[in-house]
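**Q**
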Amino acid sequence: MALTEVVRLRLEAKGFNKLYEDHREEWVDLAEGARKLIADRMPTGHKPTVDDIKKVLEPLIEINPRLREFLAGGQGGRKPLTQQYWVRDFTDYVLHNVYEPKLNIP
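In my numbering, each number is its position in the sequence shown, counted from 1, plus 3.
#1: Is it right to say D54 is buried, meaning 16 or more other beta carbons lie within 10 angstroms of its own, or is it exposed?
#2: Can you grab the Cα-Cα spacing for the pair N107 / A75, in whole Å?
#3: Terminal residues of the continuous alpha helix (DSSP H) containing L14?
#4: Between the Cα of E24 and the Cα atoms of R69, V90 and V10, which residue gives the shortest distance?
#5: Just the C-alpha distance for G77 and E8, rounded to the nearest angstrom, thanks.
#6: I need the DSSP call for T52, collapsed to helix, strand or coil.
#7: Count Cβ pairs between the region 82-94 and the region 42-53 that sit closer than 8 Å; are there 3 or more?
#8: Quick check: the Cα distance between K57 and E65, rounded to an integer number of angstroms?
#9: Can you say whether T52 is buried or exposed, counting buried as having 16 or more other CB atoms within 10 angstroms of its CB?
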């Protein structure tokens, strides 16, 4: 799934952009590891799509200790973010920032 503007704004309002920027290398490494893992299993001549990568990346992000601490309220003393969509949306945010999908207008 692509990252919509509404979702990006919701994530940034909760500080996910800072979480991403503060640990950018870690998120890029996770995304690249997921891409390489799925790419090695694709038929010859085929490249994985962002959605293919997401299927591998999302569980890795979900169990990431930094994200889990952030969702639990982290150091800031804010209420925990318990809704399930945060993991999915942050995964889209990571993919968008790492691979910067572009709109190809015909």
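Yeah, the Cβ is synthetic: ideal placement off N, Cα and C, and Gly gets one too.
Model, not experiment: these values are computed from the prediction.
**A** This is what the structure gives:
#1: Residue burial annotation: D54 is exposed, with fewer than 16 other C-beta atoms found within 10 angstroms of its C-beta.
#2: 38 Å
#3: Note, L14: alpha helix (DSSP H), E8 to A16.
#4: R69
#5: 25 Å
#6: coil
#7: no
#8: 12 Å
#9: exposed
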